[in-house]
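Residue numbers (the numbering used here), protein chains in the order written: chain A, 4 to 105; chain B, 4 to 188. We put the beta carbon where it would ideally sit given N, CA and C, even for glycine. From a predicted model like this one, the values you see are computed outputs, not experimental measurements. Everything below concerns the one structure shown next.
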Amino acid sequence: METVTPQHFLVLSFLLFAVGFLGVVIRRNLLLVLMSLELMLNGVNVALVSFSRTSLNLDGSLFVFFIMTVAATEVAVGLALLVALYKKRQSVFSEDISLLKN
Amino acid sequence: MNAVDILFYFFATLSVGGGLLMIMSRHPVPAALFMIISLVSVAALFVLLEAFFLAILQVLVYAGAVMVLFLFIIMLLDVGPDGGKVSRIKVISGLAGCLSFGILVVLLLQFSGIGSAESGSWQEIQTTEQVNGDSLLFSTSLKNFGYGLFTKYMLPIQVAGFLLLAAMVGVIVLSKKSLTSGGTE
Chain A
4 METVTPQHFL VLSFLLFAVG FLGVVIRRNL LLVLMSLELM LNGVNVALVS FSRTSLNLDG
64 SLFVFFIMTV AATEVAVGLA LLVALYKKRQ SVFSEDISLL KN
Chain B
4 MNAVDILFYF FATLSVGGGL LMIMSRHPVP AALFMIISLV SVAALFVLLE AFFLAILQVL
64 VYAGAVMVLF LFIIMLLDVG PDGGKVSRIK VISGLAGCLS FGILVVLLLQ FSGIGSAESG
124 SWQEIQTTEQ VNGDSLLFST SLKNFGYGLF TKYMLPIQVA GFLLLAAMVG VIVLSKKSLT
184 SGGTE
């Protein structure tokens, strides 16, 4: 078997992104949708770090730092919205939030 | 096949498998625990890529803070298992989206030169210098990280700090408003 190359990391990053995307599409629990979003961001992070390591340029790693900051912020705000929503509608399932539908 | 390859395949399987188990589990608590497995394996992959600081950050921020927040909210809301079946059309459309994105990735690897011979190998890290002309050099040391953050990325890091402040204020306002809904306002 050949040794690990940057392409392996790119394929892995794609797989993580695809799994996260699938989770966002098929799950109805909004908590799990948020978790799947985190997984997608992680896939992107793997690609960025591997590009950064391959080209011996630190910019990619610094961007991963900023992505982590934004992801943590997003989770905090998203979960606060979820709690507010739960207080109003007693549910975290996406099919129950249909006020704008019809 | 040396030790690095074995570690790569082990942690790659663990991260993707953890993700798959996460999106398949009906109950949110096992899902969160599988997610932690996936995130820690990604941290191990960062170690394999010699980005040690990012690996530590991944464990602290994601597997630590973010997942604890998720588990706390699951406990607070007492979310039960996901009842009912997943609709077929959603699964099909999700798989179709993944497939088309996969084709895009394969074509990119095939024709963009990322998969060519000279860029397909790992170069040695030079630890002596921080900058080479206009670009920051990749390094395992934390010093280069801080140097990059506070020179080239000074404005983005200020914006990130402001974003954190805005998020904090926003979360406080959100939780206050839902407490006093139907109040005087």
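For residue j and residue i, the rounded distance between their alpha carbons
i: alanine 47(B); j: phenylalanine 96(A); result: 33 Å
i: aspartate 85(B); j: valine 36(A); result: 12 Å
i: alanine 163(B); j: aspartate 81(B); result: 33 Å
i: isoleucine 59(B); j: leucine 102(A); result: 42 Å
i: valine 67(A); j: glutamine 113(B); result: 25 Å
i: valine 157(B); j: isoleucine 100(A); result: In the sequence as presented, valine is not what sits at residue 157(B); that position holds methionine. Rounded to whole angstroms, methionine 157(B) to isoleucine 100(A) spans 41 Å at the Cα level.
i: isoleucine 160(B); j: leucine 51(A); result: 18 Å
i: leucine 107(B); j: serine 115(B); result: 11 Å
i: leucine 59(A); j: lysine 146(B); result: 16 Å
i: leucine 17(B); j: phenylalanine 75(B); result: 25 Å
i: alanine 75(A); j: valine 69(B); result: 7 Å
i: serine 94(A); j: proline 31(B); result: 14 Å
i: leucine 23(B); j: serine 44(B); result: 14 Å
i: phenylalanine 49(B); j: valine 49(A); result: 7 Å
i: valine 176(B); j: lysine 104(A); result: 27 Å
i: valine 94(B); j: glycine 20(B); result: 18 Å
i: glutamine 10(A); j: valine 64(B); result: 27 Å
i: serine 41(B); j: alanine 99(B); result: 24 Å
i: glycine 173(B); j: leucine 85(A); result: 13 Å
i: valine 134(B); j: threonine 57(A); result: 16 Å
i: isoleucine 128(B); j: leucine 61(A); result: 11 Å
i: serine 90(B); j: leucine 102(B); result: 19 Å
i: phenylalanine 13(B); j: leucine 79(B); result: 35 Å
i: serine 167(B); j: valine 109(B); result: First, the amino acid is wrong: residue 167(B) is leucine here, not serine. Whole-angstrom Cα-Cα distance: 37 Å.
Residue-chain proximity (residue i, chain B), Cβ-Cβ < 7 Å
i: leucine 102(A); result: no
i: leucine 51(A); result: no
i: serine 64(A); result: yes
i: valine 78(A); result: yes
i: methionine 71(A); result: yes
i: glutamine 10(A); result: yes
i: leucine 40(A); result: no
i: leucine 35(A); result: yes
i: leucine 44(A); result: no
i: valine 7(A); result: yes
i: valine 55(A); result: Looking at the sequence provided, one finds serine at residue 55(A) rather than valine. Output row for serine 55(A): interface = yes.
i: valine 47(A); result: no
i: glycine 26(A); result: yes
CB contact flag (residue i, residue j, <7 Å)
i: glycine 97(B); j: valine 22(A); result: no
i: phenylalanine 148(B); j: phenylalanine 56(B); result: yes
i: leucine 2(B); j: glycine 151(B); result: A query on residue 2(B) cannot be resolved here, the shown segment of chain B reaching from 4 to 188 and no further.
i: glycine 63(A); j: phenylalanine 69(A); result: no
i: alanine 170(B); j: alanine 87(A); result: no
i: threonine 143(B); j: glutamate 53(B); result: yes
i: arginine 31(A); j: glutamate 77(A); result: no
i: alanine 66(B); j: isoleucine 92(B); result: no
i: serine 39(A); j: glycine 26(A); result: yes
i: phenylalanine 20(A); j: methionine 43(A); result: yes
i: serine 28(B); j: alanine 35(B); result: no
i: aspartate 8(B); j: threonine 6(A); result: yes
Where residue i sits in the DSSP three-state scheme
i: phenylalanine 96(A); result: strand
i: asparagine 32(A); result: strand
i: serine 115(B); result: coil
i: valine 134(B); result: strand
i: leucine 140(B); result: strand
i: asparagine 60(A); result: strand
i: threonine 187(B); result: Residue placement at threonine 187(B) is poorly supported in this model, since its pLDDT is 45, which falls under 50; the coordinates are not used for a value here.
i: leucine 52(B); result: coil
i: serine 101(A); result: coil
i: asparagine 147(B); result: helix
i: glycine 161(B); result: As written in the sequence, residue 161(B) is glutamine, which differs from the glycine given in the question. Three-state result, glutamine 161(B): helix.
i: aspartate 81(B); result: coil
i: methionine 70(B); result: helix
i: threonine 154(B); result: coil
i: glutamate 90(B); result: Note that residue 90(B) is serine in the sequence shown, not glutamate. Serine 90(B): coil per DSSP, three-state reduction.
i: glutamate 77(A); result: helix
i: glycine 21(B); result: helix
i: glutamine 126(B); result: coil
i: methionine 4(B); result: coil
Any chain A beta carbon closer than 7 Å to residue i
i: phenylalanine 141(B); result: yes
i: leucine 158(B); result: no
i: aspartate 137(B); result: no
i: phenylalanine 49(B); result: yes
i: aspartate 85(B); result: yes
i: serine 144(B); result: no
i: valine 108(B); result: yes
i: glycine 151(B); result: yes
Problem set entry | Those runs of the alpha helix (DSSP H) which lie wholly inside the stretch 7-55 of chain A and span at least 4 residues | 9-29
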